[in-house]
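Comments concern the structure below.
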Amino acid sequence: MSIMLFKIIIIFAVLTTAFAAATSKSELKGNSRVLNVTDVADTITPKVAVQSRKEFVLQYFARANWFNANLACLSCNMVLASINTEEEQRQIELLIAQYGLQNETFWTSGTDLAFEGRFNWFTNGNYFTYTNWTPGQPDNDNNNEHCVEMAGQQTWNDAICLAVRFYICEREDPGNIGYMLTCIALVWLMIPGVGYFYSGMARSKSALSLIMLSCWSMAIVIVQWFLFGYSLAFSKTANPFIGNFDNIFLRNVNGEPNFVNANIPDMVFCIYQGMFAAITPALAIGAAAERARFLPTTLFIFLWTTLVYDFLACWTWNPNGWSLNMGGLDFAGGTPVHISSGAAALAYAVVLGKREKAHADEEFKPHSMANVFLGTGFIWFGWFGFNSGSALQPNMRAVMACFVTSLSGAVGGITWVLLDYRHEKKYSALGFCVGAVAGLVCCTPACGFISPASSIVFGVVGAISCNMALNLKHLLKYDDALDVFAVHGVGGIVGNLLTGIFAQKSYADEIVGGWLDGHWMQIVHQLIDTVAGLSWSFGITFVILWVMNKLPGLSLRVDIEVERGGLDQGELGFSCYEHVEDVRTVKGSVEHLSAQEIVRNGHSNFAFQVEQSRIKNNKQK
1 MSIMLFKIII
11 IFAVLTTAFA
21 AATSKSELKG
31 NSRVLNVTDV
41 ADTITPKVAV
51 QSRKEFVLQY
61 FARANWFNAN
71 LACLSCNMVL
81 ASINTEEEQR
91 QIELLIAQYG
101 LQNETFWTSG
111 TDLAFEGRFN
121 WFTNGNYFTY
131 TNWTPGQPDN
141 DNNNEHCVEM
151 AGQQTWNDAI
161 CLAVRFYICE
171 REDPGNIGYM
181 LTCIALVWLM
191 IPGVGYFYSG
201 MARSKSALSL
211 IMLSCWSMAI
221 VIVQWFLFGY
231 SLAFSKTANP
241 FIGNFDNIFL
251 RNVNGEPNFV
261 NANIPDMVFC
271 IYQGMFAAIT
281 PALAIGAAAE
291 RARFLPTTLF
301 IFLWTTLVYD
311 FLACWTWNPN
321 GWSLNMGGLD
331 FAGGTPVHIS
341 SGAAALAYAV
351 VLGKREKAHA
361 DEEFKPHSMA
371 NVFLGTGFIW
381 FGWFGFNSGS
391 ALQPNMRAVM
401 ACFVTSLSGA
411 VGGITWVLLD
421 YRHEKKYSAL
431 GFCVGAVAGL
441 VCCTPACGFI
451 SPASSIVFGV
461 VGAISCNMAL
471 NLKHLLKYDD
481 ALDVFAVHGV
491 GGIVGNLLTG
501 IFAQKSYADE
511 IVGGWLDGHW
521 MQIVHQLIDT
531 VAGLSWSFGI
541 TFVILWVMNK
551 LPGLSLRVDI
561 EVERGGLDQG
571 ELGFSCYEHV
581 EDVRTVKGSV
591 EHLSAQEIVR
601 NGHSNFAFQV
611 EQSRIKNNKQ
621 K
């Protein structure tokens with residue numbers, strides 16, 4: 001569609017998201033019959049299924065060959081129809097029957113011109129997952145029939161592409177765009193949420209640096225995504241391992257239906273996936289808290305997104321990816337986001353070494369539970385868009401993912417509090433926040449495939465596993481500053497494996513189900529995907545960091561003086577809490593005074609010295 005119309009639809013959709021729930025209606029537009037059916041699925045099956053949100057348009061005034069039919073639909077800001085589900089087939093049948101056109105023949109976008117016998121939808125590149133062939137079809141008569149028509153009684157035939165037929169166009173429901181834009185905003189909100197969460201868990205002298213790094217990561221990755229990241233992950237001609245440069249600078253990424261999900265435009269899918277790419281390194285750098293230099297971290301984020309995230313996203317979600325075609329299930333990022341960030345955090349912690357302590361007995365404790373709770377709120381709120389948005393349209397799958405997400409997070413938080421209470425006899429606020437995140441992480445790969453009852457298992461098992469994993473850093477003697485591997489790495493691993501058990505076909509028509517449905521091989525598929533993702537992320541991350549650390553000017557760790565004073569002042573020149581810095585300065589200025597001198601000079605004189613020190617400090621800044 002044209003750029004102007006695309007902008008208008010976006011603005012309209014954001015302001016009127018409720019349009020997505022509009023009631024079914026039909027109307028006559030010139031020489032085209034239009035049917036907007038938003039909930040036909042309820043008349044077909046009671047199962048939870050992905051429902052179509054398309055609007056189909058019958059063009060029956062003039063006939064055209066298959067090639068010209070494609071161009072004619074494009075000229076009307078539409079595309080030749082693809083039929084991906086029984087629900088969409090039913091929509092078209094209702095439309096044709098309503099206007100008495102059952103004996104006419106219509107072109108669809110189906111074709112095997114690229115590969116003989118392998119039919120795909122030309123408008124989005126997807127191979128057929130649903131068919132309604134006439135018995136005996138396709139027959140490829142004399143190797144001349146390569147385009148799919150909907151013939152009498154609305155069954156499919158392959159036909160000669162130069163034959164003239166009426167044709168069916170389609171356009172996306174603007175409600176899909178509005179829904180996805182909302183999810184994009186929610187996922188973006190998680191990024192500063194991660195920053196606040198991490199800053200609260202760190203010491204006050206480096207709190208601002210963690211908020212900055214989270215937002216900085218987002219900025220770096222979005223630029224990388226525009227340059228070539230999206231192309232590497234989601235180019236249509238990708239190999240099973242990685243994509244190519246067909247879509248660099250977002251070339252040919254516009255308002256056309258996306259080949260992963262034809263119900264949304266390419267650009268919407270690109271932005272949404274870009275938010276996933278942006279948050280992943282922001283999670284990983286938590287392991288380097290309080291001791292990583294800013295400049296090398298910037299380069300690391302760019303390289304890591306290119307060499308790790310883009311590869312994992314391609315093989316997990318690109319229709320050509322080896323893991324997806326093997327049968328691996330990952331609804332919203334168990335491997336590309338959580339396992340990869342956890343493994344990267346582990347490698348980062350190993351290469352950087354342990355943090356500097358002021359004294360041997362110093363404990364690293366959260367300095368601000370308010371920041372931790374604020375970050376948890378942002379993260380949990382944004383996770384609704386993270387998980388339910390992965391349905392890529394507003395439907396019952398998205399609704400179920402929302403509820404499963406919230407339930408698993410809630411159960412995870414409760415479980416962690418109870419685990420901590422056993423040892424400390426206190427109701428840990430930090431435990432609730434970390435446990436909730438663990439539950440959210442664990443359900444992420446499964447949230448579109450499981451029942452609410454199963455999500456309780458994910459919350460409990462995820463929280464217990466991550467809680468136990470906290471001991472790994474003491475056992476293996478590495479300093480994962482903010483327990484990224486224990487929560488995201490272990491949580492992602494457990495979630496991936498549990499998906500192989502609890503995924504059910506009754507909640508996702510396109511899968512065969514997991515162990516509960518008698519498909520035990522699903523666990524094997526999940527295990528292969530998990531091991532591959534974990535190994536790739538840890539190995540490549542370790543190599544990147546090791547090489548960078550050997551290069552002049554790219555030493556990963558700050559000087560010892562900067563680390564002791566805190567990264568906020570040492571690297572950024574600002575502090576989260578200016579009054580804390582004033583106290584530190586005053587403390588340093590009066591350390592030479594003895595207790596007797598302070599008493600002898602009196603409180604008034606001491607207060608004067610404190611004020612003078614504060615003024616001097618402000619002038620220096």
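Residues in the sequence shown are numbered from 1 upward in steps of one, following UniProt numbering.
Here a beta-carbon is modelled for each residue, glycine too, at the ideal position from N, C-alpha and C.
Note that the coordinates shown come from a computational prediction; the quantities given were computed from them, not determined experimentally.
Thinking just about the alpha-carbon of each residue, which of the options is nearest to the one in residue i?
i: glutamate 356; options: Arg291, Leu307, Gly518, Pro319; result: Arg291
i: leucine 303; options: Gln59, Glu55, Glu563, Phe542; result: Phe542
i: leucine 567; options: Gly274, Glu170, Arg293; result: Arg293
i: residue 659; options: Gln59, Asn132, Leu113; result: The structure shown does not extend to residue 659, since the chain spans only 1 to 621, so no value can be given for it.
i: alanine 429; options: Ala508, Ser575, Thr415, Gln137; result: Thr415
i: leucine 58; options: Asn84, Gln102, Glu87; result: Gln102
i: valine 417; options: Ala401, Arg397, Ser406, Ala438; result: Ala438
i: glutamine 504; options: Asp559, Val494, Ala446; result: Ala446
i: cysteine 270; options: Tyr309, Asn244, Phe226, Asp246; result: Phe226
i: alanine 282; options: Gly195, Val79, Leu516, Met180; result: Gly195
i: isoleucine 285; options: Ile92, Leu210, Pro138, Ala453; result: Leu210
i: leucine 80; options: Leu95, Ser406, Gln98, Glu55; result: Glu55
i: glutamate 104; options: Asp112, Leu95, Asn395; result: Leu95
i: arginine 397; options: Ala332, Met78, Thr305, Gly353; result: Ala332
i: methionine 150; options: Phe106, Gly175, Asn140, Pro135; result: Phe106
i: asparagine 496; options: Thr316, Thr305, Ala233, Ile92; result: Thr316
i: glycine 382; options: Ile279, Ile160, Lys425; result: Ile279
i: alanine 159; options: Asn140, Gly321, Gln153; result: Asn140
i: cysteine 76; options: Ala62, Glu170, Lys236; result: Glu170
i: asparagine 549; options: Tyr99, Asn84, Val268, Pro296; result: Pro296
i: lysine 236; options: Tyr427, Thr499, Ile560, Asn320; result: Asn320
i: methionine 78; options: Pro174, Ile301, Gly136, Gln569; result: Pro174
Quick check: residue i and residue j, are their CB atoms within less than 8 Å of each other?
i: phenylalanine 119; j: tyrosine 127; result: yes
i: tyrosine 379; j: glycine 193; result: The sequence as given places isoleucine at residue 379; tyrosine does not occur at that position. Going by C-beta atoms, isoleucine 379 is nearer than 8 Å to glycine 193.
i: leucine 482; j: alanine 202; result: yes
i: asparagine 65; j: leucine 189; result: no
i: cysteine 443; j: serine 451; result: no
i: leucine 554; j: leucine 299; result: yes
i: aspartate 479; j: alanine 486; result: no
i: valine 441; j: histidine 488; result: yes
i: methionine 212; j: valine 268; result: no
i: leucine 551; j: isoleucine 493; result: no
Quick one: residues in its chain with C-beta nearer than 6 Å to the C-beta of residue i, no 5 flanking neighbours on either side, listed in chain order?
i: tyrosine 348; result: Ala287, Ala288
i: valine 490; result: Ser465, Cys466, Ala469
i: glutamate 256; result: Asp266
i: phenylalanine 122; result: Ser109, Thr111
i: glycine 412; result: Gly435, Ala436, Ala438, Gly439, Gly459, Gly462, Ala463
i: serine 323; result: Trp315, Thr316, Asp529
i: phenylalanine 432; result: Gly413, Val417
Can you find the residues in the same chain that come closer than 8 Å, C-beta to C-beta, to residue i, ignoring five residues on each side of it along the sequence?
i: tryptophan 546; result: Val351
i: glycine 200; result: Ala207, Pro366, His367, Ser368, Met369, Ala370, Asn371, Val372, Phe373, Leu374, Gly375
i: leucine 307; result: Ile540, Ile544
i: valine 558; result: Arg291, Ala292, Arg293, Leu567, Gly570, Glu571
If residue i sits next to residue j, beta carbons under 8 Å apart, how far is it from one beta carbon to the other, in whole angstroms?
i: isoleucine 501; j: glycine 514; result: 5 Å
i: asparagine 254; j: serine 231; result: So it is not a contact: roughly 14 Å between Cβ atoms.
i: isoleucine 264; j: leucine 392; result: 6 Å
i: phenylalanine 311; j: isoleucine 222; result: That pair is no contact at about 19 Å.
i: asparagine 318; j: alanine 401; result: Not confirmed; about 21 Å, so no contact.
i: glycine 565; j: lysine 205; result: 7 Å
i: leucine 498; j: valine 457; result: 7 Å
Only counting the same chain, and skipping five residues up and downstream in sequence, which positions put a Cβ closer than 7 Å to that of residue i?
i: phenylalanine 197; result: Val372, Gly375, Thr376, Ile379
i: valine 404; result: Cys443, Cys447, Ile450, Pro452, Ser455
i: valine 484; result: Leu283, Ala284, Gly286, Ala287, Ser341, Gly342, Ala345
i: leucine 250; result: Phe226, Tyr230, Cys270
i: asparagine 124; result: Ser82, Pro257, Asn258, Phe259, Ala262
i: threonine 305; result: Val221, Gln224, Gly229, Ala277, Pro281
i: glutamine 153; result: Gln102
i: cysteine 215; result: Ile191, Pro192, Gly195
For residue i, verify whether its CB is less than 7 Å away from any heavy atom of the ligand MG.
i: glycine 100; result: Looking at this structure, you won't find the ligand MG or any other ligand, since it has none at all.
Any 3 or more C-beta pairs closer than 8 Å across the segment 62 to 71 and the segment 153 to 167: yes
Cβ pair count under 8 Å reaching 3, the segment 325 to 342 against the segment 384 to 402: yes
The segment 272 to 284 contacting the segment 172 to 185, beta-carbon criterion three pairs below 8 Å: yes
Segment contact, 8 Å Cβ cut-off, at least three pairs: the segment 518 to 538 with the segment 318 to 335: yes
Segment contact flag, the segment 102 to 116 with the segment 140 to 153, C-beta cutoff 8 Å, min 3 pairs: yes
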